[in-house]
Structures are given as structure tokens and as C-alpha cells.
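Asker: Residue numbers (the numbering used here): 382 to 633.
Ideal placement from N, C-alpha and C gives every residue a C-beta, glycine not left out.
All values reported here derive from a predicted model rather than from experimental measurement.
#1: Examine the Cβ distances between the segment 574-591 and the segment 509-527 and report whether three or more of them are shorter than 8 Å.
#2: From residue 481 to residue 610, what does the alpha carbon distance come to, in whole angstroms?
#3: In this structure, what does DSSP give as the bridge partners for residue 556?
#4: Beta-carbon within less than 6 Å of residue 479's beta-carbon, same chain only, minus the 5 sequence neighbours each way: which residues are those?
#5: Mind checking which residues open and close the beta strand (DSSP E) that includes residue 384?
#6: Roughly how many whole angstroms lie between the Cα atoms of residue 530 and residue 580?
#7: Among residues of its own chain, excluding the 5 on either side of residue 560, which ones have a beta-carbon nearer than 7 Å to its beta-carbon?
#8: May I ask which residues mark the beginning and end of the beta strand (DSSP E) holding residue 449?
#9: Would you report the Cα separation of residue 527 and residue 623, rounded to the nearest angstrom?
#10: When you compare only the Cα positions, how much space is there between residue 518 and residue 578?
#11: Taking only runs of the alpha helix (DSSP H) that begin and end inside the segment 474-553, which ones reach a length of at least 4 residues, in chain order?
#12: So, under 8 Å CB-CB, residue 474 and residue 495 are touching, yes? Tell me the CB distance rounded to an integer number of Å.
#13: If I measure Cβ to Cβ from residue 602 and keep anything under 6 Å in the same chain, skipping five residues before and after, which residues do I get?
#14: Considering Cα atoms alone, identify which of 451, 386, 430 is closest to residue 416.
#15: Spatial neighbours of residue 550 within its chain, please: CB distance less than 8 Å, with the 5 preceding and 5 following residues excluded, ordered by chain position.
#16: How far does the alpha helix (DSSP H) with residue 567 in it extend, from its first residue to its last?
#17: Would residue 470 and residue 534 qualify as a contact pair, given that the criterion is a beta-carbon distance under 8 Å?
#18: Suppose you measure from the CA of residue 477 to the CA of residue 390; what does that come to, to the nearest Å?
#19: Roughly how many whole angstroms lie between the Cα atoms of residue 678 and residue 544?
#20: Any idea if residue 472 is buried or exposed, counting beta-carbon neighbours within 10 angstroms, 16 or more meaning buried?
#21: What span of residues does the alpha helix (DSSP H) with residue 604 cover, start to end?
#22: Among 397, 563, 395, which has the Cα closest to the Cα of residue 618?
#23: What's the call for residue 388, buried or exposed, on a 16-neighbour Cβ count within 10 Å?
#24: Terminal residues of the continuous alpha helix (DSSP H) containing residue 627?
#25: Determine the DSSP secondary structure at residue 399, reduced to helix, strand or coil.
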């Protein structure tokens, strides 16, 4: 397959190199990724400034294009401009440093890059190693290969992304795959106020993870039990369950 790759940790991040190494054994890999880390940028795109794409070499070999934009920008630019003559079979974003579960997906540049692939018309996958400090990218790389051997990406529905979260354990300790729903895992945020030398206040946002949705089909439930979590995400966010109730309240 012809696969377009991006991430939000930046083109020099180790996760994207590991993903490339695993995929290029059997596939054609094309990389367009942010020039620096763009984590937590969500689905932002650049509309009032130009984008630059610069060729990046690693060990004197062409690696990919670095773009001074967001992860979503990278997919747009890669698919519609830089590699406009290539008919991609798949978009993959990652391997992210840290999990993308629950409300993470709203902020995640990694997931947003994959969703941009879905908007652009390609089957897409976001992949994250569920550990920030010392992620085992090799495990996540092998998981993606195993997943691609299990599924036909052409059958991923239009406007849909598979959000894959991989436990941070050796590959032989992975118990298997579980198809999950997005949990209500979220953050209890607070701000640490500090003062600069001129007496002005500035703030660091901090927070702790809230995991109180431990039903069996939630994403973090299975990741914590050493299963790979696969959650199908739609580009569209309508709350269909509430839609009908709201119609009855407002329109009838």
C-alpha cells in the first residue's frame, strides 16, 4: 500500500521513525510531519499564513517533509499538494508519545491528523503508545503491522478513523485486540499561578486524570488490562441519542 504518515510530536520524534521502519518493509511510505512538536493543537489548520515544506534527511537519506504547521495541515498539504499525484491507500498518524483516550481525542494533534485523512477521503488510523515517559514504540509498531494483517482498510467506513492505543509492554505480553468505545476519561484541570520578575502573573495549566468510567468496553479499561484498544471515531460529532429527544422538546 501507499501510506501517508504524520504525527504531532514532530518529524524528528522517535515514534514516527519506528513507524516508518515497520511499515516500509512491505509498503510505500511518505512522511509529511510538523517541523517541531505540535502536541495538543487539536484540529487547527493554518489559513492566514503560508506553509513551508522542507525536505529532511536522516543519515544522508531522504526521510520526509517538515511543515511549519499543524498535524492537520500536514495531511492536507501532503495529500493535496506535495504528493497530489499519489493515490494513497491509507493515512496513519503516530506513533504518539502518550495515550489518546477519552477526551484526549479532542485535543490530540495525532488523532486530528488521522481524522483529517478521513475528511480528505482516505482510510485512516491514529496510533499511540499509552505511556509518556518511556514509551515502547517498537511494541506499537508491531501492533500496527498485526492490525493491517487483520483488517481490510478499504472497508473502513467513509469519514472514520481507527484510534489505536497500545499498552506500554513488550509485544509478547500483549493479550490481543479489543474494539472499544471512547471513554469519559478526562482531566481535572487547575492552574498554577506564578509571578515574573516584573510582577506580572503567569499560569501553568496542570491537572490529574479522572478515570471513573471503568465499564468493560471503554478504551482505558482494556489498555489497563494489556489489550490493544481500537476505537472507531467519526468526523461528525452529532449526539444522535439526544437529537430525537431535543426534536420532541423544541419542535413538537
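Answerer: Answer, in terms of the structure:
#1: Result no; under three Cβ-Cβ pairs closer than 8 Å.
#2: Taking the chain shown and counting its residues from 1, the one referred to as residue 481 is at position 100. Taking the chain shown and counting its residues from 1, the one referred to as residue 610 is at position 229. Going by the C-alpha atoms only, they are around 10 Å apart.
#3: To locate residue 556, count along the chain shown from 1; it is residue 175. Partner(s): none; residue 556 has no beta bridge.
#4: As a working note, residue 479 is residue 98 in the chain shown. Excluding positions up to five away in sequence, the list reads 513.
#5: Counting from one through the chain shown, the residue named residue 384 turns up at place 3. Per DSSP, the continuous beta strand (DSSP E) segment holding residue 384 begins and ends at 383-387.
#6: Here residue 530 refers to the residue found at position 149 of the chain shown. Here residue 580 refers to the residue found at position 199 of the chain shown. Answer to the nearest angstrom: the Cα atoms are 59 Å apart.
#7: Taking the chain shown and counting its residues from 1, the one referred to as residue 560 is at position 179. The residues are 611.
#8: On the chain shown, position 68 is the one that residue 449 refers to. Neither: residue 449 is in no beta strand (DSSP E) and is coded neither H nor E.
#9: Along the chain shown, read from residue 1 onward, the residue named residue 527 stands at position 146. Along the chain shown, read from residue 1 onward, the residue named residue 623 stands at position 242. Their Cα atoms are separated by approximately 37 Å.
#10: The residue you call residue 518 lines up with position 137 of the chain shown. The residue you call residue 578 lines up with position 197 of the chain shown. When rounded, the distance between both Cα atoms is 41 Å.
#11: For the segment 474-553, whole alpha helix (DSSP H) runs of length 4 or above, ordered along the chain, are 485-488, 490-501, 518-531.
#12: By one-based count along the chain shown, residue 474 stands at place 93. By one-based count along the chain shown, residue 495 stands at place 114. Confirmed, Cβ separation roughly 4 Å.
#13: As a working note, residue 602 is residue 221 in the chain shown. Here the set comprises 595.
#14: Taking the chain shown and counting its residues from 1, the one referred to as residue 416 is at position 35. Comparing Cα positions, the closest option is 451.
#15: Counting from one through the chain shown, the residue named residue 550 turns up at place 169. Once the five neighbours on either side are set aside, the close Cβ partners of residue 550 are 517, 520, 607.
#16: Working through the chain shown from its first residue, we reach residue 567 at position 186. Note, residue 567: premise wrong, no alpha helix (DSSP H); beta strand (DSSP E) at 567-576.
#17: The residue given as residue 470 occupies position 89 in the chain shown. The residue given as residue 534 occupies position 153 in the chain shown. Taking 8 Å as the Cβ cut-off, residue 470 and residue 534 qualify as a contacting pair.
#18: In the chain shown, the residue the question calls residue 477 occupies position 96. In the chain shown, the residue the question calls residue 390 occupies position 9. Pairing residue 477 with residue 390, the inter-Cα distance amounts to about 7 Å.
#19: Absent from the model: residue 678. The displayed extent of the chain is 382 to 633, so no value can be given.
#20: On the chain shown, residue 472 is found 91 positions in, with the first residue counted as 1. Classification of residue 472: buried, given that the 10 Å Cβ count is 16 or more.
#21: Working through the chain shown from its first residue, we reach residue 604 at position 223. Counting along the chain, the alpha helix (DSSP H) containing residue 604 begins and ends at 600-605.
#22: As a working mapping, residue 618 is identified with position 237 in the chain shown. That would be 563, whose Cα lies nearest to the Cα of residue 618.
#23: Within the chain shown, numbered from 1, the residue matching residue 388 stands at position 7. So residue 388 ends up on the buried side.
#24: Here residue 627 refers to the residue found at position 246 of the chain shown. Residue 627 -> alpha helix (DSSP H) spans 621-631.
#25: Taking the first residue of the chain shown as position 1, residue 399 is located at position 18. Under the three-state reduction of DSSP output, residue 399 falls in the helix class.
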